[in-house]
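Protein chains in written order, with my numbering: chain A, 189 to 436; chain B, 189 to 436; chain C, 189 to 436; chain D, 189 to 436; chain E, 189 to 436; chain F, 189 to 436; chain G, 189 to 436; chain H, 189 to 436.
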């Protein structure tokens with residue numbers, strides 16, 4: 189029920205055009221959530237102050253173009269994640285104002301200027317985890333956060349992490365992306381007192397089982413400042429980091 | 189190396205009692221981390237501004253008493269989690285100033301006065317999830333946070349959650365505890381824009397597999413404001429909620 | 189918002205005590221679902237025309253007594269499932285009008301008289317599956333359905349099932365309870381044209397994995413008239429059978 | 189044994205051409221089920237009043253053409269499911285009277301006119317689940333049922349479902365198709381009192397494990413009006429919905 | 189339909205008391221399998237020339253006594269497997285002619301005299317696998333086979349097996365019982381040309397997963413003369429060994 | 189050590205050319221198994237009276253040609269299994285006397301004439317299981333056994349199996365190949381008294397998990413005359429059937 | 189064949205008492221491995237220079253007493269692992285010269301004096317892993333190795349490990365025992381250049397799955413100097429450490 | 189902090205240019221590990237006396253070329269593992285002094301001359317395991333070890349292994365590579381007293397589950413001289429063998 193219809197209903201009732209019984213009935217029957225639709229939802233952009241996000245993998249070029257056309261019309265910023273370069277290229281042909289970040293496979297309308305001095309750290313264990321790490325970093329940046337990247341800081345070279353303790357400690361929160369054995373979030377969680385968002389990746393082989401091994405490692409972390417998101421979900425980690433950095 | 193020994197070393201060096209080569213050698217040989225021990229650690233209480241936490245399950249009464257004696261001596265607050273009432277009773281006999289919360293199975297020295305008006309919401313799906321939910325709630329409270337509990341709000345009675353949207357929305361963050369199908373965090377994550385910390389519990393039967401079902405549901409949540417901790421890890425969720433509410 | 193408060197609000201508005209802007213604001217802020225609470229929910233008994241169901245396992249005697257006291261006050265029929273005899277006995281001491289069915293471990297206030305001639309078939313594979321089968325049968329009966337039980341009809345003695353084809357075919361729907369290899373629902377689904385609700389049980393050993401083996405067998409059934417519920421969920425199967433027999 | 193042979197046997201016996209001992213022996217030796225073959229089986233079409241169904245995936249074009257030729261000869265309607273468009277095109281070249289529905293990947297001879305006003309609701313969570321949802325919807329329609337589609341109604345935008353409660357409640361039954369976390373069937377099962385047939389899909393990534401996550405979510409659903417079919421089994425859900433809507 | 193009723197039916201038909209149409213109808217309606225019941229079934233003892241087998245685990249003493257009473261009445265030999273000594277003792281009090289074998293946990297009426305010189309070998313890897321090995325050996329013996337036991341012949345002491353090659357080679361078939369890593373069947377299958385029936389046991393710890401490890405080892409055996417039965421299923425292996433030794 | 193060398197050694201010793209100490213030493217040092225090599229091993233063909241078997245999948249054409257060249261030189265029959273037609277064609281170009289069976293993907297030198305009237309039954313559940321079933325059938329035939337094929341006899345059309353009971357019962361043993369739910373071996377094991385070798389296949393989708401579902405079904409079979417081989421291992425089943433049919 | 193019998197055989201042959209044909213036959217028939225039995229086997233004590241090891245769990249007191257009696261007779265040292273104190277006490281009553289170590293649950297005849305200055309490090313992550321760590325330490329010591337224990341050195345307090353780097357680096361090899369997330373072996377493997385033997389333990393809860401989580405972490409370790417033994421297998425790690433420290 | 193900066197700091201302090209408080213502060217703030225960086229790490233080559241290792245799979249040609257350029261500049265030997273021939277060829281075009289070993293898929297700068305007479309045995313079960321076996325062998329050789337290869341020595345032809353016992357026994361340690369059932373390491377561990385490093389491979393089908401079956405077999409090995417590395421991790425096994433052969 190749009191506000192206008194509600195106003196008319198109330199006016200009619202006040203004028204005596206409809207009885208109290210009738211108006212109560214109507215209020216009951218009408219899809220009640222409509223009343224609050226502006227607040228509760230419906231647009232993720234409104235709810236989170238966040239651009240619309242489209243999971244790019246598996247969508248056709250024409251599907252993506254249609255979605256983008258619609259979003260541009262309502263002037264909303266947006267992100268398409270997990271988008272192959274070849275697909276992005278074809279979309280940019282039609283929408284040349286879009287920007288594509290191949291390292292993180294994200295297509296977006298614009299990156300916000302970082303709004304403040306505080307920053308989020310994104311740490312990754314190996315070069316192979318780079319893509320997921322970049323997905324997280326870019327998500328943070330597009331949302332207007334400053335990011336410090338500490339890449340290729342695996343446990344096999346632990347000193348590289350220990351060198352960075354003060355950078356980590358001074359951040360607002362830390363996203364740690366790791367495949368293989370997935371021990372890095374536990375180690376960082378044990379070294380610094382910041383919230384750590386752990387992202388397992390499917391990088392590895394053998395008993396890695398496409399990311400199950402690092403996922404379990406992270407869920408069982410002995411450091412109580414570690415929470416976990418889905419395997420390869422760099423976007424989710426970036427979004428959550430943004431949320432706790434800006435909205436609390 | 190404690191500060192005192194370092195001071196003496198430097199003084200000796202200045203006085204010429206030891207050579208530069210010697211002091212560099214000693215700085216190298218000495219367990220280097222000692223230098224910074226006050227900062228980096230070593231005591232979780234210092235690191236996080238947080239009481240020491242002892243995982244109570246599987247520890248003997250005498251082990252627990254000894255740990256508590258030591259902690260009381262250094263005047264640190266502490267929490268013992270997953271502690272059966274029968275064990276707690278025996279410990280309290282010796283330390284009558286301790287407080288035991290049977291619903292959340294936590295033994296502690298004192299609960300902080302809530303420091304601020306902002307609050308954390310703890311939601312649980314079923315009565316069976318109560319223990320884990322209380323572990324989370326009490327952890328938050330012991331750390332000095334105000335908590336609003338919304339218990340027994342399962343999806344089977346969805347309206348109970350929808351009724352509470354504004355309470356949830358006004359909180360700093362939401363902890364959602366759920367066993368069985370574990371759908372509640374996704375539902376709440378879809379309704380409010382707050383960070384949601386999802387805690388799967390091992391409550392359920394059959395294809396629940398001791399919490400694997402809700403764990404997977406939560407990791408796959410379509411709501412990007414949801415992160416996950418280990419099965420039954422109410423303490424971890426409470427700690428993380430405290431961290432993002434107070435330290436960012 | 190209860191109806192009374194809504195009425196008052198509307199009256200106040202009509203009288204001019206509150207402005208239109210104000211009443212719209214209030215309608216927005218008030219927990220909107222309250223308006224419709226009678227319809228949407230809130231009581232499973234109203235929603236499904238079904239007695240309240242309490243999962244008995246893991247609840248204490250005092251918890252159960254309190255719940256029963258409350259339910260008896262509102263005159264609602266109810267079922268407590270998965271309830272051990274020893275616990276049931278203690279409850280009946282206080283509420284001697286309750287009836288306990290030890291084979292299906294269900295405690296209830298009353299069993300409805302079967303309302304019609306049409307019946308539901310409950311088939312079980314082995315004597316060990318009896319408890320789950322009885323949980324299903326009693327659920328159907330308590331809800332007012334006629335039940336024909338065909339127990340101990342495992343595939344190892346296939347002729348026992350073939351003998352009963354016409355009884356199965358004439359039923360409204362068939363619940364098949366099976367552990368071990370769980371092949372019975374597929375076999376019955378292949379023999380008759382009735383809807384088959386398959387219930388895997390945790391009966392078995394070795395590579396049965398507490399019911400995973402029959403669960404997978406049933407989910408992969410080649411007979412398209414077979415659907416599946418959770419392992420040991422006799423109640424769920426009985427409830428669903430009641431639903432499709434009476435409500436469609 | 190065809191009826192004719194049985195008749196001859198009985199006549200011979202009556203005439204005294206064969207002894208009682210002999211006829212009993214023959215009755216024993218003859219494949220006994222032949223006697224009842226018309227009743228018990230043998231043709232799914234007869235048994236369920238349902239067109240023959242062919243699982244299209246992995247069958248060669250020539251295999252499919254041969255099967256279709258045979259089915260057309262006996263004038264039976266049929267459905268080929270999970271059939272790629274490229275394959276369907278080649279088949280239609282030979283059988284131009286066939287109809288192919290690319291969204292649900294079904295090839296059929298004809299869609300029945302909906303026989304009645306009552307309808308089945310098919311709900312899907314995300315655009316990626318569309319194919320399985322359409323398989324379910326088309327299966328229902330080909331069998332002569334009216335279908336109301338509610339697509340892209342994921343929990344992340346819960347109000348979209350709440351808006352449709354009355355449509356769902358007035359349906360005969362609801363098929364809910366969902367991948368990722370698979371929470372939608374639980375939510376709908378909690379909102380309406382209709383039978384809900386849940387179809388997990390393999391859509392998702394990471395800890396989704398090709399549909400295991402939503403499958404477990406659905407099997408553990410707290411709503412007792414939810415039953416489950418195999419991952420991606422849109423056809424099975426559609427068939428079962430047809431069965432309980434028309435045959436009970 | 190028992191033979192008597194069939195005879196009467198045929199007589200009535202011959203006498204003209206019932207028409208041909210009528211008798212055909214009756215033959216159709218009657219549970220057709222009854223005709224052949226003596227042949228097809230119904231009693232495992234008849235079908236396999238084998239005593240009735242009762243899975244003892246989880247059955248109550250009174251249930252077992254009743255079953256035994258019934259079986260003794262029809263003069264059938266029988267075996268109760270997986271039966272604890274304490275339970276067996278109570279049953280023997282009532283039926284003193286029964287024999288209990290505690291090593292294999294089998295209760296039986298009588299052990300057949302071995303009928304022939306050919307024998308079955310039962311090999312076990314460790315002392316812990318003894319119970320399952322004995323279940324297999326006793327099953328063979330009760331059915332009238334000669335058994336040669338080679339126990340505690342694990343791969344860690346491979347020479348113990350190599351010493352026995354000629355005994356194994358001269359047997360009719362070999363049952364190999366092994367827990368832990370379950371390598372023994374592969375090794376024996378590689379050494380001798382006899383059929384090998386592999387029985388994984390749940391003996392082990394850690395990554396043994398209650399017998400999954402040896403089960404997988406055996407299913408993947410490179411020796412083509414190895415087949416597998418369920419974990420701990422000593423009876424099944426013994427039965428199958430009897431079957432291929434005597435019935436082919 | 190070949191016999192000739194042993195003879196020479198003994199002669200030399202007898203002649204006094206070497207001392208007793210020396211000959212004992214040599215007997216110790218020499219690879220002792222050589223003495224018995226003719227018996228124990230070494231050639232699968234000798235051991236089992238069976239052609240050499242080569243697992244074709246993943247071997248290059250040149251590797252296969254080399255192996256075949258070697259085997260032809262020693263005049264041994266052989267089978268290459270799981271061999272794609274395209275690869276087989278290239279090999280036959282060089283060895284035109286080889287025969288390729290595309291339905292079972294087996295390349296062989298010659299098929300033995302069936303040696304006896306007794307036969308092995310190979311049953312398969314669906315057309316998709318045909319390849320594995322043919323691998324089993326051809327293996328039996330190449331080894332000189334008569335085979336009766338009963339294909340496409342799934343449980344959804346149970347009467348098709350019941351029709352064949354006497355053919356099954358008169359066989360030496362039955363190989364049952366089934367994917368999907370894998371119930372067919374249990375059903376056949378319950379109907380006939382022959383040894384049943386169950387072969388799960390990876391045919392299916394969703395919760396089939398590439399053959400795990402039918403594998404578990406078969407391992408948990410309630411029929412004691414059922415043993416199991418690895419998923420898709422048609423060759424293993426055929427080999428074992430040959431073994432128990434001919435060698436016991 | 190013992191040496192004596194072989195000598196006699198050769199003498200008889202030389203004397204002409206038996207023919208060459210005969211002696212060859214006998215050499216073939218005799219269990220050939222006997223010839224080399226001293227070398228190949230047969231007694232683990234001889235093979236590894238190691239006391240006999242008995243897995244204590246699940247063995248009865250009388251079984252254990254019998255084994256010990258036999259071992260004492262041959263003057264062999266031995267270890268019984270995983271032995272509960274209550275059982276050990278009863279055994280020591282009869283054999284008062286045995287020593288029991290309750291922390292590692294090992295019963296032994298004597299601990300060797302450490303033979304050399306070089307030592308093995310045994311590190312454990314948490315107090316709960318103590319038992320398995322002690323099993324490893326005691327195994328090393330009983331075999332005559334010097335052990336340095338570094339217990340309770342979890343990653344949550346990483347500095348505790350970093351403090352010990354030089355102790356670890358100077359050891360011969362490092363055994364790391366860890367449950368929960370199992371990250372410690374990776375961390376230590378990254379810090380020092382010694383061989384690391386990782387022992388996962390079943391300590392943990394939730395998604396730990398009785399040690400699967402740390403097992404996978406360790407198998408996927410990025411440090412190439414890490415190998416893994418079975419969950420809780422402290423003995424195996426200690427044995428292997430002894431082997432590579434002393435036998436290479 | 190490089191030594192030079194530390195020296196300057198100490199000099200300044202001695203001269204009185206900075207206070208004691210200041211220097212302590214600086215020592216605290218400076219990345220403390222820098223002091224010891226030469227010792228602790230940082231270059232795997234220094235730490236282990238081992239060439240740098242690059243995991244080749246999934247890295248682009250340009251990424252690899254850049255890494256190689258950098259490594260050649262610092263004159264370090266290196267290995268690229270899991271590198272396809274087509275990629276290696278392109279790299280060698282630019283760096284013609286590199287050597288590629290196609291059987292083990294390793295690209296390296298140079299193979300060391302074997303430094304000593306002692307050797308490592310690398311055993312593989314089947315031809316399909318060759319690639320992983322060669323990865324292990326080449327790793328050993330590149331590091332300067334002598335290797336004896338015993339390939340294609342599966343358990344199905346056990347005598348082939350028994351023939352080689354003395355070669356195995358005289359080695360420093362044994363690497364055993366096996367897929368399928370993975371029994372070979374247990375068998376060899378039972379025959380010889382050398383340390384055995386077991387490498388499961390993903391070779392197999394059906395219930396092999398890409399190497400899980402042999403991995404579990406090996407972890408559960410009854411031979412205490414067996415440790416395990418990740419599936420297909422030939423490099424890790426070779427590295428560890430080198431480590432225990434040369435560094436202890």
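Positions of the beta carbon are idealized from the N, C-alpha and C atoms, including for glycine.
Quick caveat: nothing in here was measured; it's all calculated off a predicted structure.
Sequence-distant residues of its chain with Cβ nearer than 7 Å to residue i (five each side left out)
i, result
"residue 318 of chain A", "291, 312 and 339"
For residue i, the three-state DSSP class (helix, strand or coil)
i, result
"residue 416 of chain D", "strand"
"residue 239 of chain D", "coil"
"residue 410 of chain E", "coil"
Distance between beta carbons of residue j and residue i, contact taken as under 8 Å
i, j, result
"residue 330 of chain H", "residue 300 of chain H", "6 Å"
8 Å CB neighbourhood of residue i in its chain, flanking five on each side removed
i, result
"residue 353 of chain C", "379 and 380"
Top-ranked residue by Cα proximity to residue i, from the options
i, options, result
"residue 284 of chain C", "C:298, C:429, C:293 and C:398", "C:298"
"residue 404 of chain E", "H:424, H:368, H:427 and H:435", "H:368"
"residue 391 of chain G", "B:245, B:413 and B:366", "B:245"
Heavy atom of the ligand COA within 7 Å of residue i beta-carbon
i, result
"residue 370 of chain C", "Of ligands this structure carries none, so the ligand COA is not represented either."
Residues near residue i by beta carbon distance below 6 Å, same chain, minus five either side
i, result
"residue 273 of chain F", "290"
Residues, ordered as in the chain, of the stretch 291-320 of chain C that lie near chain D by beta-carbon distance below 9 Å: Of all residues in the stretch 291-320 of chain C, only 306 come within less than 9 Å of chain D when Cβ atoms are compared, listed by chain position.
Chain B contacts made by the stretch 395-410 of chain D, where a contact means CB separation under 9 Å: For the stretch 395-410 of chain D, the residues whose beta carbon sits under 9 Å from a beta carbon of chain B are, in order, 395, 396, 397, 400, 401, 402, 403, 404, 405, 406, 407, 408, 409 and 410.
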